[in-house]
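Undergrad:
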Amino acid sequence: MVLLRDARLSGAIAAARAARVASRLLRAGGGSTVPGVVARRVDPYVLQALSERLPRGAVAVTGTNGKTTTARMAGAILRAAGVRTVSNFTGANLVTGVTAALVADSDLAGRPAAEMGLFEVDEASVPRVASETRLRLLAVLNLFRDQLDRYGELTHTAKVIASAFGHLPPGAAVLLNADDPLVASLGRSAARPLYYGVDEPALDTGRLQHVADSKDCPLCGAPLSYSAVYMGHVGVYRCGRCGFGRPEPAYRARRVRLQGARGTTFVLSGPAGEREVRLQLPGLYNVYNALAAAAVAGEAGAGMEHVVRGLEGFGGAFGRVERVRAGDREVFLLLIKNPVGFNEILRTFIAGGDARHVLIVINDKDADGRDVSWLWDVDLEMLAAARDRGLLSEMQPIMAGGLRAEDMAVRLKYAGLPVGEVVPGCDQALRRALNTTPPGETLYVLPTYTAMLEIRRALSEMGYTHPFWEDR
101 MVLLRDARLS GAIAAARAAR VASRLLRAGG GSTVPGVVAR RVDPYVLQAL
151 SERLPRGAVA VTGTNGKTTT ARMAGAILRA AGVRTVSNFT GANLVTGVTA
201 ALVADSDLAG RPAAEMGLFE VDEASVPRVA SETRLRLLAV LNLFRDQLDR
251 YGELTHTAKV IASAFGHLPP GAAVLLNADD PLVASLGRSA ARPLYYGVDE
301 PALDTGRLQH VADSKDCPLC GAPLSYSAVY MGHVGVYRCG RCGFGRPEPA
351 YRARRVRLQG ARGTTFVLSG PAGEREVRLQ LPGLYNVYNA LAAAAVAGEA
401 GAGMEHVVRG LEGFGGAFGR VERVRAGDRE VFLLLIKNPV GFNEILRTFI
451 AGGDARHVLI VINDKDADGR DVSWLWDVDL EMLAAARDRG LLSEMQPIMA
501 GGLRAEDMAV RLKYAGLPVG EVVPGCDQAL RRALNTTPPG ETLYVLPTYT
551 AMLEIRRALS EMGYTHPFWE DR
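All residue numbers for the sequence shown refer to my numbering, where the first residue is 101 and numbers rise by one.
As structure tokens, this is what we get:
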């Protein structure tokens with residue numbers, strides 16, 4: 101029976117390897133999903149079998165925004181600590197993508213090269229992945245409106261994630277964003293909750309944004325009272341009716357200083373001590389990603405010196421926050437998925453005052469979400485107001501590209517922003533935008549997910565970067 105089981109596992113790994121090679125030869129992708137599909141058909145228990153052979157177990161990172169960046173940051177920290185990890189770094193975050201990553205890391209006898217799994221997981225896939233892997237920690241970053249035509253209401257998504265807690269082994273931790281009330285409320289269902297958050301009064305926006313998704317108490321439904329709002333519904337809150345409030349974070353960021361596109365500095369506090377961190381990545385949202393990554397790695401045994409070295413050396417995840425040298429110009433890719441994330445990028449532009457050339461590329465394929473009405477929830481008026489105040493006086497007319505380029509152009513016009521060329525194709529829009537960006541300057545490209553893949557493919561074909569599956 102054992103021999104038959106091992107033979108099936110080896111067959112699944114061999115079949116997955118063949119599928120990976122075929123996928124790349126046929127230019128059907130990087131082989132980040134199909135091998136997982138093939139392996140699971142040969143052996144439905146392949147993920148469970150390989151996961152059990154990881155000496156340090158596995159970590160799953162989920163949430164609406166920041167999964168890829170957080171997982172990559174945590175990987176950088178753990179590498180600095182000498183821990184070998186396997187990760188679905190390309191962003192294939194369904195159970196098939198997790199399977200493909202672990203299969204690719206294993207030899208034909210089913211022995212993984214890595215000590216620990218570090219996987220980003222789509223919110224809807226968390227219960228399945230938790231039931232098939234030996235998770236030592238599940239991290240939940242945030243819950244914002246994103247692809248509502250696929251997920252429905254946020255409370256439903258939270259319940260789906262919470263249903264995975266019963267699959268966690270004894271002693272496993274659930275890492276939660278203390279500043280997101282819906283996420284923090286999941287701690288009541290977890291055996292071992294652990295929290296992280298930001299303590300920086302200077303970042304208080306003073307009001308809940310129009311796009312705030314969780315304004316009411318997740319326990320009793322009464323309106324939450326905020327003493328600080330950092331972004332969307334994320335901040336310091338309390339319910340006056342039932343007493344539910346922001347939990348005390350074990351990992352926190354203080355003295356946060358946003359420096360536009362140049363990066364961010366903050367003081368990281370945790371069980372292992374306190375250190376200043378200088379991130380290469382911009383925006384408050386990346387401070388949250390860094391905090392979560394520090395907690396993930398810290399709970400896996402990384403020291404504070406490894407945390408700082410890993411975070412400060414991290415340059416970004418492909419397409420999410422990525423700089424690409426394009427000849428004598430630079431392309432700065434900043435993925436947009438929903439109003440809150442888009443707004444934070446706009447805040448970064450305003451803080452830095454150095455965004456002169458901007459291209460926004462909107463697609464409406466399945467992975468982007470078919471409904472683009474969310475563009476009207478983005479606070480582009482904030483950008484227009486900053487421009488009127490002279491903070492972005494050198495910003496050129498904003499170009500629009502992608503399948504829904506015209507929708508984006510209309511939104512820009514109604515916000516009172518100057519509209520540049522409108523180019524329906526992603527590749528064509530990129531080339532036109534590069535041509536209008538003077539040598540020595542930066543083109544900021546804000547694409548939705550599938551638009552980002554097309555933009556990055558175009559940059560690869562131009563010889564400016566490598567295919568995404570070669571990214572490390």
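We put the CB at the ideal spot given by N, CA and C, even for glycine.
Could you spell out where the alpha helix (DSSP H) holding residue 229 opens and where it closes?
TA: Here residue 229 corresponds to residue number 129 of the sequence shown, with the count starting at 1. Note, residue 229: alpha helix (DSSP H), 226-232.
Undergrad: Tell me the DSSP secondary structure of residue 106 in three-state form.
TA: Translated into positions along the sequence shown, residue 106 becomes position 6. Of the three classes helix, strand and coil, the one that applies to residue 106 here is helix, per DSSP.
Undergrad: So is residue 320 buried or exposed if we call it buried at 16+ other beta carbons inside 10 Å?
TA: The residue you call residue 320 lines up with position 220 of the sequence shown. Flag for residue 320 reads exposed.
Undergrad: Within its chain, find whatever has a CB closer than 8 Å to the CB of residue 426; leave out the 5 residues flanking it on each side and keep chain order.
TA: Taking the sequence shown and counting its residues from 1, one reaches residue 426 at position 326. Closer than 8 Å at the Cβ level, and outside the excluded window around residue 426, lie 534, 543, 559, 562, 564.
Undergrad: Measure the Cβ-Cβ separation of residue 349 and residue 403 and say whether it is below 8 Å.
TA: For this step, residue 349 is matched to residue 249 along the sequence shown. For this step, residue 403 is matched to residue 303 along the sequence shown. Contact: no.
Undergrad: By a C-beta neighbour count over all protein chains shown, 10 Å radius and 16 as the cutoff for buried, is residue 121 buried or exposed?
TA: For the purposes of this step, residue 121 is taken as the residue at position 21 of the sequence shown. Classification for residue 121: exposed.
Undergrad: Starting from residue 164 and walking both ways along the beta strand (DSSP E), at which residues does that stretch end?
TA: As a working note, residue 164 is residue 64 in the sequence shown. Note, residue 164: premise wrong, no beta strand (DSSP E); not H, not E.
Undergrad: For residue 397, which residues from the same chain have a beta carbon less than 8 Å from its beta carbon, with the 5 sequence-adjacent residues on both sides left out?
TA: Residue mapping note: residue 397 aligns to position 297 of the sequence shown, counting from 1. Only 174, 177, 178, 181, 406, 407, 410 meet the Cβ criterion.
Undergrad: Looking only at its chain, what residues have a beta carbon closer than 8 Å to the beta carbon of residue 260, apart from the 5 residues adjacent to it on each side?
TA: For this step, residue 260 is matched to residue 160 along the sequence shown. The answer, listed in chain order, is 223, 224, 226, 227.
Undergrad: Starting from residue 542, trace the beta strand (DSSP E) both ways and give me its first and last residue.
TA: Taking the sequence shown and counting its residues from 1, one reaches residue 542 at position 442. It spans 542-547 - the beta strand (DSSP E) in which residue 542 sits, taken as one unbroken run.
Undergrad: Would DSSP call residue 409 helix, strand or coil?
TA: Position 309 of the sequence shown, counted from the first residue, corresponds to residue 409. In the structure shown, residue 409 sits in a helix (DSSP, three-state: H, G or I).
Undergrad: Helix, strand or coil for residue 404? Go by DSSP, reduced to three states.
TA: The count along the sequence shown starts at 1 and reaches residue 404 at position 304. Residue 404 falls in the helix class under three-state DSSP.
Undergrad: For the putative contact between residue 151 and residue 210, defined by C-beta atoms under 8 Å, what is the C-beta separation to the nearest angstrom?
TA: To locate residue 151, count along the sequence shown from 1; it is residue 51. To locate residue 210, count along the sequence shown from 1; it is residue 110. No, residue 151 and residue 210 are not in contact; Cβ-Cβ is about 11 Å, not under 8 Å.
Undergrad: Indicate the three-state DSSP secondary structure (helix, strand or coil) for residue 441 in the structure shown.
TA: Here residue 441 is taken as the residue at index 341 of the sequence shown, counted from 1. It is helical.
Undergrad: Could you tell me the boundaries of the alpha helix (DSSP H) in which residue 50 lies?
TA: The structure shown does not extend to residue 50, since the chain spans only 101 to 572, so no value can be given for it.
Undergrad: Grab me the residues of residue 463's own chain with a C-beta within less than 6 Å of its C-beta, minus the 5 sequence neighbours each way, in chain order.
TA: For this step, residue 463 is matched to residue 363 along the sequence shown. Here the set comprises 502, 503, 548, 550, 551.
Undergrad: Going by C-alpha distance, which of 363, 219, 286, 302 is nearest residue 331?
TA: On the sequence shown, position 231 is the one that residue 331 refers to. Selected option, being the one with the closest Cα: 302.
Undergrad: Would you call residue 566 buried or exposed, if buried means 16 or more other Cβ atoms sit within 10 Å of its Cβ?
TA: Taking the first residue of the sequence shown as 1, we reach residue 566 at position 466. When all chains shown are included, residue 566 counts as exposed.
Undergrad: Who are residue 432's beta bridge partners in DSSP?
TA: Against the sequence shown, residue 432 aligns to sequence position 332. Residue 432 is bridged to 423, 544.
Undergrad: Could you name the residues of the same chain whose beta carbon sits closer than 8 Å to that of residue 248, not counting the 5 residues immediately before and after it, in chain order?
TA: As a first step, residue 248 must be located in the sequence shown, where it is residue number 148. Model confidence at residue 248 stands at a pLDDT of 48, short of 50, so the residue's coordinates are unreliable; what they give is reported in the following sentence. Result list for residue 248: 469, 471, in chain order.
Undergrad: Run through the DSSP bridge pairs and tell me what residue 339 is partnered with.
TA: Position 239 of the sequence shown, counting from 1, holds the residue named residue 339. According to DSSP, residue 339 bridges with 324.
Undergrad: Give me, in chain order, the residues of the same chain whose beta-carbon lies closer than 7 Å to that of residue 231; leave out the 5 immediate sequence neighbours on both sides.
TA: Position 131 of the sequence shown, counted from the start, is the residue given in the question as residue 231. Only 267 meet the Cβ criterion.
Undergrad: Run through the segment 356-395 for me and flag every whole alpha helix (DSSP H) of 4 or more residues, listed as ranges in chain order.
TA: Listed in chain order, there is nothing to give.
Undergrad: For residue 119, does the three-state DSSP call read helix, strand or coil?
TA: Here residue 119 refers to the residue found at position 19 of the sequence shown. The answer is helix: DSSP assigns residue 119 an H, G or I state.
Undergrad: Does the segment 503-514 touch the segment 148-166, meaning 3 or more C-beta pairs lie closer than 8 Å?
TA: No contact exists between the segment 148-166 and the segment 503-514.
Undergrad: Are the CB atoms of residue 498 and residue 524 nearer to each other than 8 Å?
TA: Here residue 498 refers to the residue found at position 398 of the sequence shown. Here residue 524 refers to the residue found at position 424 of the sequence shown. Taking 8 Å as the Cβ cut-off, residue 498 and residue 524 do not qualify as a contacting pair.
Undergrad: Taking C-beta to C-beta, are residue 522 and residue 500 nearer than 8 Å?
TA: If you number the sequence shown from 1, residue 522 lands on position 422. If you number the sequence shown from 1, residue 500 lands on position 400. Yes.
Undergrad: Looking only at its chain, what residues have a beta carbon closer than 7 Å to the beta carbon of residue 491, apart from the 5 residues adjacent to it on each side?
TA: The residue given as residue 491 occupies position 391 in the sequence shown. Hits under 7 Å: 450, 453.
Undergrad: Quick check: what's the CA-CA separation for residue 473 versus residue 214?
TA: For the purposes of this step, residue 473 is taken as residue 373 along the sequence shown, with counting starting at 1. For the purposes of this step, residue 214 is taken as residue 114 along the sequence shown, with counting starting at 1. Looking at the two C-alpha atoms, the distance is approximately 43 Å.
Undergrad: With a threshold of 16 other CB atoms inside 10 Å of the CB of residue 326, please say whether the residue is buried or exposed.
TA: In the sequence shown, residue 326 corresponds to position 226, counting from 1. Answer is buried; the Cβ neighbour count reaches 16.
Undergrad: For residue 297, which three-state DSSP category applies?
TA: Residue numbering aside, residue 297 sits at position 197 when the sequence shown is read from its first letter. Three-state DSSP puts residue 297 in a strand.
Undergrad: Taking the C-alpha atoms as reference points, what is the distance between residue 198 and residue 413?
TA: Within the sequence shown, the letter at position 98 stands for residue 198. Within the sequence shown, the letter at position 313 stands for residue 413. Computed Cα separation, rounded: 26 Å.
Undergrad: Evaluate contact between the segment 374-391 and the segment 346-366, counting only Cβ atoms and requiring at least three cross-stretch pairs below 8 Å.
TA: The segment 374-391 is in contact with the segment 346-366.
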